[in-house]
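A quick write-up on the structure given underneath.
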Amino acid sequence: MSTISWNDFEKVDMRAGTIIDVQLFPEARRPAYKLVVDFGETLGTRKSSAQITDLYTPEELLGKQILAVVNFPPKQIGPFMSECLVTGFYNNDNQVVLLHPSQQVQNGAKLG
Numbered sequence: 001m002s003t004i005s006w007n008d009f010e011k012v013d014m015r016a017g018t019i020i021d022v023q024l025f026p027e028a029r030r031p032a033y034k035l036v037v038d039f040g041e042t043l044g045t046r047k048s049s050a051q052i053t054d055l056y057t058p059e060e061l062l063g064k065q066i067l068a069v070v071n072f073p074p075k076q077i078g079p080f081m082s083e084c085l086v087t088g089f090y091n092n093d094n095q096v097v098l099l100h101p102s103q104q105v106q107n108g109a110k111l112g
């Protein structure tokens, strides 16, 4: 593992947001959802593709607050343009467990 400087870390903009829409993404190579995440007034909403269908249903995701990287350039994933990266850990079964605040915070709150 390589080390990074504090300046490198500061370049990554990670924000809290609330999932406000979840759609199946049947065109994806691996099962995925298309998410719309609300990051508050300053950032607005952003779209993301997330391979989290093993552990989460659309109903469980709606209204869930998550942590995402918001300063990557948009990435084309098949017919879908992803605008942020929802973060998570891989568990022992290689499934993604979403990162989220342990208490409610304002949408758009920056990881610090």
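Using the numbering used here, the first residue of the sequence shown is number 1, and each one after it goes up by one. Just so it is clear, CB atoms sit at the ideal spot from N, CA and C, and this is done for glycine as well.
By the Cβ-count criterion, PHE72 is exposed, with fewer than 16 other Cβ atoms from all chains shown falling within 10 Å of its own Cβ. Under the three-state reduction of DSSP output, PHE9 falls in the helix class.
Bounds of the alpha helix (DSSP H) holding LEU61 are 58–61.
Bridge partners of SER102 according to DSSP: none are assigned. Ranked by how close their Cα comes to the Cα of MET14, the residues GLU59, HIS100 and VAL70 have VAL70 in first place.
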